[in-house]
Structure formats: structure tokens, C-alpha cells
Amino acid sequence: QVQLVESGGGLVQAGGSLRLSCAASGRTFSSFSMGWFRQAPGKEREFVASIRWNFGSTDYADSVKGRFSISRDAAKNTVYLQMNSLKPEDTAVYYCALQVLGRNSWDWGQGTQVTVSS
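All the letters of the sequence shown, read from the start, carry residue numbers 3 to 120 under the numbering used here.
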């Protein structure tokens, strides 16, 4: 079992920045990806960004490309989401997730609220 703990959410004005962190602990895996998803009120959870842990390759939703950046610190077992030029439509609960390669499911953190005011 892996534990994922997010931090860094909060309230920010449109155009501002926030950095989310997610620390992983517990069971270790040799090949996996970590990612960020978000869920706004009344909407389904959606993919935001992911990173292949061993290679560092990244993927982003079109809605955040050029504004958000995902990175990792292997020594700290931590993944980050740097969010710049935030918009009110970025308001959501942001969830950290881990996917072992070859599995279809993700393990989830508890989520952290990000609110962007206009």
C-alpha cells in the first residue's frame, strides 16, 4: 500500500501561482508514474499532468500546457505541480496519484483545494 500526501493548495488571485507537493511513502515500485488530477464542483475528475518516474517524461492536459509544470525529486519521493498564470477555471480539488506501470488503476491522495479568485 502506498500513501500519498498532498500539500500546497490555497486561495490565489487570477494570474497568480501555486506549487503543489505530493510525498509518497509505503510500498515501493520499480516502474511507475505519478500524476495530478483535479475535480471541480459538479464535474468529473480530470487528468492534469503526469510524469514517468524513471525517465522524467511528462504529459499535460491541453488546458494547462504552458502554464503548469510537473517535476519530481526522487530523493524525497515527492512530485510537484507548479501552477502559473492561474485562472478561475483552475479552481478544483487537486489529487495526487500513482500508477504502477501495467496497471489500469491509480492510487490516490486525499486531495488539496485550489481556489482561484477573479
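Heads up, the beta-carbon is just placed ideally off N, CA and C, and yes, glycines get one too. These numbers were taken from a predicted model, which means no experiment stands behind them.
Residue i to residue j span [Cα, whole Å]
i, j, result
"T93", "A42", "6 Å"
"T80", "S107", "20 Å"
"S120", "S32", "43 Å"
"T60", "S52", "6 Å"
"M85", "R105", "28 Å"
"K45", "E91", "12 Å"
"G58", "F34", "11 Å"
Residue j beta carbon less than 8 Å from that of residue i
i, j, result
"S9", "S19", "no"
"V116", "Y96", "yes"
"W38", "C98", "yes"
"G11", "L88", "no"
"V4", "L103", "no"
Beta-carbon separation (whole angstroms), residue i vs residue j, contact threshold 8 Å
i, j, result
"L6", "W110", "7 Å"
"F70", "Y62", "6 Å"
Point to revise | Within the stretch 42–111, ranges of the beta strand (DSSP E) (whole runs, at least 3 residues) | key: For the stretch 42–111, whole beta strand (DSSP E) runs of length 3 or above, ordered along the chain, are 48–54, 60–62, 70–75, 80–85 and 94–102.
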